[in-house]
Structures are given as structure tokens and as C-alpha cells.
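In my numbering, the protein residues as written are 4 to 576.
Written out below as C-alpha cells is the structure these notes cover.
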């Protein structure tokens with residue numbers, strides 16, 4: 004292998020990653036050992052102050068740059084800083100992210116090329132590190148395999164093509180957003196894996212930086228689908244079918260599907276064997292992705308499948324999550340966080356028994372409304388879902404809106420002011436369209452656009468600034484871009500394109516500024532546009548900062564497209 008550059012050009016990232024991770028050993032055994040050796044290489048680099056940030060998001064482009072004679076120690080040091088979390092992240096990259104594997108292969112090749120210029124901490128470390136890097140690039144058996152792959156490779160059918168930003172997109176989007184959007188587009192591509200049980204088709208994970216990954220599903224995959232429906236509709240259809248494939252006979256749709264090789268601390272043996280929790284679902288917002296996909300493709304076969312899945316899931320909610328005329332999430336009972344808002348302040352004072360939650364009720368309304376519309380589209384019987392959805396909307400308007408606060412609250416807090424919280428969930432009636440026009444106006448003008456509550460430098464905080472429970476901790480104050488997207492979408496539903504523009508512009512500006520300094524996206528962000536790593540995740544766990552390169556809550560392309568559409572609507576009016 005005298006020309007690694009040629010090899011990188013010819014071999015697909017996925018094949019190259021698999022081959023270099025395996026060599027002539029089984030993948031499961033080789034990947035961990037390779038991670039150890041690669042960590043030794045990275046740990047051998049001194050850490051002077053970083054003088055350069057990584058400027059290349061594409062794995063292939065990064066490989067090109069690292070193999071260039073102009074690559075300097077500062078760039079390699081920046082890479083060392085990126086990978087300093089050690090074996091866990093590197094091992095995950097080797098196991099589950101072909102793009103990241105190529106990324107680290109490029110590092111090793113660059114170390115070989117620039118070995119003479121790198122100061123190491125000890126001769127032993129230098130010998131170990133460069134011996135492995137040399138084996139990686141020059142080992143004869145591996146070279147033979149790689150050269151065979153380079154001669155026969157074709158693009159993997161599950162790879163999502165990288166498409167350039169179009170002139171039309173450039174016209175509507177701020178130039179400062181484009182590097183961030185290009186990075187996200189490439190990150191989606193690098194997060195796709197080949198089919199493996201229990202997912203029958205190639206699947207996209209939550210993102211290479213997720214601390215418990217690789218994983219599929221929950222509402223994270225909905226956000227990923229909304230981000231890509233205009234770019235890769237066939238890929239979106241595969242993710243929908245993957246999601247549907249794991250519906251259980253009783254109608255239950257799992258939350259996260261964990262694709263790890265070892266169980267998580269909270270998983271029972273049964274759950275690990277199935278790869279998903281058996282008693283915690285997720286917010287059923289997936290119909291929004293189906294609607295977006297159908298608008299793009301008019302695929303009635305998939306719409307018919309979605310209708311059947313929705314009807315069964317409604318049956319499951321009726322049996323398992325219904326209390327009186329409305330619904331709840333099991334978080335108030337078992338803290339399994341099927342609501343998606345782990346450790347939300349809403350649940351601290353919640354009763355430890357079934358009680359109506361406005362988020363679950365709004366989400367089931369969305370599910371019923373979608374099923375009724377799809378049945379009409381397909382000429383099928385809607386099983387009375389239109390009437391049920393309308394009745395549920397009337398209940399939310401009448402019983403879960405407080406004139407005293409002009410905000411929506413859980414049923415258990417409606418008559419107990421001490422339990423009321425100003426949380427992002429109060430905007431779900433706006434998002435799904437059950438708020439009356441007057442209620443929507445109050446939500447937007449008195450709360451959403453109030454800089455003392457939700458209109459922060461990076462909107463919208465998960466808890467209002469004025470709420471005594473606000474803190475810079477997961478779902479207690481920080482910002483999830485996915486929630487900003489949902490609420491902006493709700494604003495457009497009520498014709499408030501001005502409010503949507505304000506939210507989206509601030510969120511995209513702040514996300515782009517963070518990206519310019521870190522070359523990463525984050526699971527959640529600082530509401531005052533500060534350093535995301537100043538926010539806590541879960542202090543009682545080893546993972547107490549937001550995950551880097553977490554795609555599941557960053558539908559940044561969907562946000563940008565919604566911004567462009569709102570801009571057009573505002574200009575027309």
C-alpha cells in the first residue's frame with residue numbers, strides 16, 4: 004500500500020472501516036484492541052495550546068487534508084483534543100460509525116506521514132503508536148484486502164448521498180449557517196448502518212456522540228427524518244419501516260432500540276435480548292414525518308402501513324395510558340422517561356398514580372388526527388377517530404388551560420398553583436393545533452416572545468427563566484433545537500410566521516456560532532448562547548455534559564427550511 008491517498012479515494016468509507024477494524028481477526032475482537040492501539044497513538048501526542056480547529060466535516064475531505072504535506076502539528080493536536088475521551092468513544096466509532104472509523108484511519112495515516120515532526124512523551128509510546136499506525140497502513144495482509152476492496156467497491160446502497168447546498172438554499176439561508184448545515188448533512192450520512200436485527204433495513208442512529216449509543220428510535224428518529232425528507236425520501240421511508248417493524252402485537256411501539264453489544268445499567272436481561280425497553284414507549288409524533296414523506300412522494304402503500312400502525316398504537320394507549328377522558332406517560336409511575344423529557348421538573352410534584360398529562364394527551368390527539376386524515380385519504384374507515392380527536396381537543400382547551408396563567412398545565416396542577424410549571428411542554432397544544440386561536444395568541448405573545456420567560460438568546464429554554472425550578476440542567480432550562488423546531492412549526496400553524504422567524508433565526512445563529520468554535524453540534528444548548536458544556540446532563544451519572552454530535556435533537560435542516568418558508572410567507576404578506 005504505497006499510496007494511501009489513492010486507497011482512500013477508491014474504497015468506500017464503510018468497506019474501508021470494516022476492513023481496517025477487522026484485519027484478519029473477527030470484528031468484535033479486533034475493534035477493542037484496535038481502539039486501545041489507536042488510543043495509545045493519540046495519547047502519545049503532546050498537548051500544546053490548540054492553535055487550529057478542524058475545518059473539514061467530511062471524512063473523505065478530512066482524510067485528504069490530513070494526508071497533505073501541509074498538515075501541521077496544531078491540526079493533529081486539535082484532533083487529539085477531539086478524541087481525548089479515550090477508548091469508549093473510539094471503540095464506538097470503530098463499531099458503529101464508518102465515517103468516524105475512516106476519520107481515525109486518516110489520523111493514523113497522517114501520524115505515519117508526519118512522524119518526524121511529532122514530539123511524544125516517551126520513546127516507548129512513540130514506538131507503540133507508530134508501530135500500530137504503520138501496521139494499519141502497510142501490513143501486507145491488510146493491504147491485500149484493502150486493495151481488493153478498492154478494485155471492486157461500489158457505493159453502499161444504504162449510504163445517504165451528500166448533496167451540495169443549492170443556490171436556492173443559499174438565497175434563503177444566512178451564509179454563517181452553511182458550514183453548520185453542511186456538517187449536519189454529512190453527519191446524517193455517517194450515522195447510517197447496515198440492516199441488523201431487530202431493524203430489517205439500513206438504519207440511522209441518534210448520532211456518533213451519543214453516550215449510550217448506538218441506538219435507534221424514540222422521537223429522535225422522527226427529528227432525523229424531518230431533517231432529511233426533502234434530501235433523501237427513500238432513506239426516510241426505510242426509517243419509518245424500521246420503526247413500524249418493531250411494533251408489538253398489542254400495539255406497543257418501543258422507545259429507544261439499543262444496538263449495543265453490552266446491556267445498559269437499567270436494562271433487564273429480557274430488554275437486552277429484545278434490544279428495547281418493554282414498558283416505556285415514546286411520544287407518538289412520528290405521524291408528522293409520515294405526512295412530510297407523503298407530501299413529497301404520494302406513497303399510498305406506506306401511508307396504508309402507517310394507518311394500521313397508528314390504529315394499533317391508539318389501542319395500546321387506550322389500554323395502557325388512558326385515565327378518564329385523556330392520557331398520561333408512565334414517567335409519573337416508573338421514571339422510565341417515555342415522555343422524552345428525562346427528569347423534567349413537572350414530575351417532581353406529580354402524583355405517583357395515573358393522572359392526566361397535557362403532553363401525552365396532545366400527542367395522542369396528533370396520532371388520532373393523523374389516522375383520521377389518512378383513513379379519509381385512503382378511503383378507509385376511520386373507526387370514529389375524527390370524533391374522538393375532536394373531543395380530546397375540546398378537553399384540552401377546556402380543562403388544561405389556566406386563564407390565571409394563560410398557559411397549559413397538567414391536570415394535577417390545574418387546581419394547585421404550587422404544582423404549576425412554565426415548561427416547554429405547555430406549547431404542545433400550539434404544536435398539534437388543539438389550542439384555540441385566543442389561547443395560541445396568549446401563549447405566543449405573553450410567554451413565547453417574553454424575554455423574561457422563553458425568548459432567550461438561544462430559544463427556547465425547557466423551563467421559563469422566571470420559574471423557580473429553572474437551572475442549567477437537562478430538561479430543566481437548557482435548549483433542545485428539536486423543541487424549538489416543534490414550537491416554531493406550531494406558530495406557523497396559527498399564522499404567526501413572525502414568531503417562528505424569531506425563534507429559528509436566534510437558534511440557528513447560536514448553533515452556528517457554537518459550531519464555529521467547536522466544530523460540533525450538541526445534544527442541548529445554553530439558553531443564553533453560552534458554552535453548552537456549562538450545562539449539566541445527569542449529575543448522578545458518568546455522563547454529565549451534553550453529548551457532542553447528537554443528531555436526534557438537531558433537525559437543523561428542517562429548521563432552516565421552515566425559516567425560509569416563513570420568510571417567504573412574511574414577505575408575501
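Even for Gly, the Cβ is constructed at its ideal location relative to N, Cα and C.
For clarity, every value in this text was computed on a predicted model and none was experimentally measured.
- By the Cβ neighbour-count rule, residue 188 is buried, with 16 or more other Cβ atoms within 10 Å of its own.
- Its chain contains 218, 220 and 221 as the residues whose beta carbon lies nearer than 6 Å to that of residue 259, once the 5 sequence neighbours on both sides are disregarded; these appear in chain order.
- The distance from the Cβ of residue 227 to that of residue 559 is about 11 Å, inconsistent with a contact at the 8 Å cut-off.
- Of the candidates 276, 303, 299 and 257, the residue whose Cα lies closest to the Cα of residue 282 is 257.
- Here residue 182 has no same chain residue with a Cβ atom under 6 Å from its own Cβ, once five neighbours each way along the sequence are excluded.
- Counting along the chain, residue 513 sits inside the alpha helix (DSSP H) bounded by residues 500 to 521.
- The region 501 to 515 and the region 555 to 575 touch, with no fewer than 3 CB-CB distances between them shorter than 8 Å.
- In the three-state DSSP reduction, residue 250 falls in the coil class, being neither helix nor strand.
- DSSP, read as helix, strand or coil, puts residue 288 in coil.
- Residue 482 places its beta carbon 8 Å or farther from that of residue 430.
- Taking all protein chains in view, the Cβ of residue 384 is surrounded by fewer than 16 other Cβ atoms within 10 Å, so the residue is classified as exposed.
- Taking C-beta atoms under 8 Å as the contact rule, residue 308 and residue 247 qualify, at a distance of about 6 Å.
- Taking C-alpha positions only, residue 323 is separated from residue 375 by approximately 21 Å.
- Listed as beta-bridge partners of residue 526 by DSSP are no residues whatsoever.
- Around the Cβ of residue 382, a 10 Å sphere holds fewer than 16 other Cβ atoms; the residue is exposed.
- In this structure, residue 195 and residue 205 form a Cβ contact; the two beta carbons are roughly 6 Å apart against a cut-off of 8 Å.
- Excluding five sequence positions before and after residue 395, the CB atoms of its chain that fall closer than 8 Å to its own CB belong to 328, 329, 364, 367, 368, 371 and 437, given in chain order.
- 8 Å or more divides the Cβ of residue 442 from the Cβ of residue 390.
- Taking a contact to require three or more Cβ pairs closer than 8 Å, the region 299 to 307 and the region 347 to 362 do not qualify as touching.
- Taking a cut-off of 8 Å for Cβ pairs, the region 501 to 508 and the region 448 to 467 touch, as three or more such pairs fall below it.
- Looking at the backbone, the Cα of residue 338 and that of residue 353 are separated by about 11 Å.
- The C-beta separation of residue 546 from residue 510 comes to about 24 Å, leaving the pair out of contact by the 8 Å criterion.
- Excluding residues up to 5 positions away in sequence, nothing lies with its Cβ nearer than 8 Å to the Cβ of residue 321 in the same chain.
- For residue 501 and residue 439, the gap between their C-alpha atoms comes out near 19 Å.
- If only complete runs of 4 or more residues are kept, the region 188 to 233 shows the alpha helix (DSSP H) at 223 to 231, in order along the chain.
- With respect to residue 267, residue 215 sits close: the two C-beta atoms are nearer than 8 Å.
- The C-beta of residue 342 has 16 or more other C-beta atoms within 10 Å across all chains shown, which makes the residue buried.
- Annotation note: the region 270 to 325 contains the following uninterrupted alpha helix (DSSP H) runs of length 4 or greater, listed N- to C-terminal: 272 to 277, 289 to 300 and 303 to 323.
- Unbroken beta strand (DSSP E) stretches of 3 residues or longer found wholly inside the region 344 to 386: none.
- In terms of Cβ geometry, residue 458 and residue 427 do not form a close pair [threshold 8 Å].
- With 16 or more other Cβ atoms inside 10 Å of its own Cβ, residue 493 counts as buried.
- By the CB criterion at 8 Å, residue 477 and residue 346 fall inside the cutoff.
- Secondary structure of residue 478 (DSSP, three-state): coil.
- Using a Cβ distance threshold of 8 Å, residue 176 and residue 567 count as a contacting pair.
- Selection 531, 422, 271 and 336 evaluated against residue 465 yields 531 as nearest (Cα-Cα).
- With a 10 Å radius around the Cβ and a threshold of 16 neighbouring Cβ atoms, residue 413 comes out buried.
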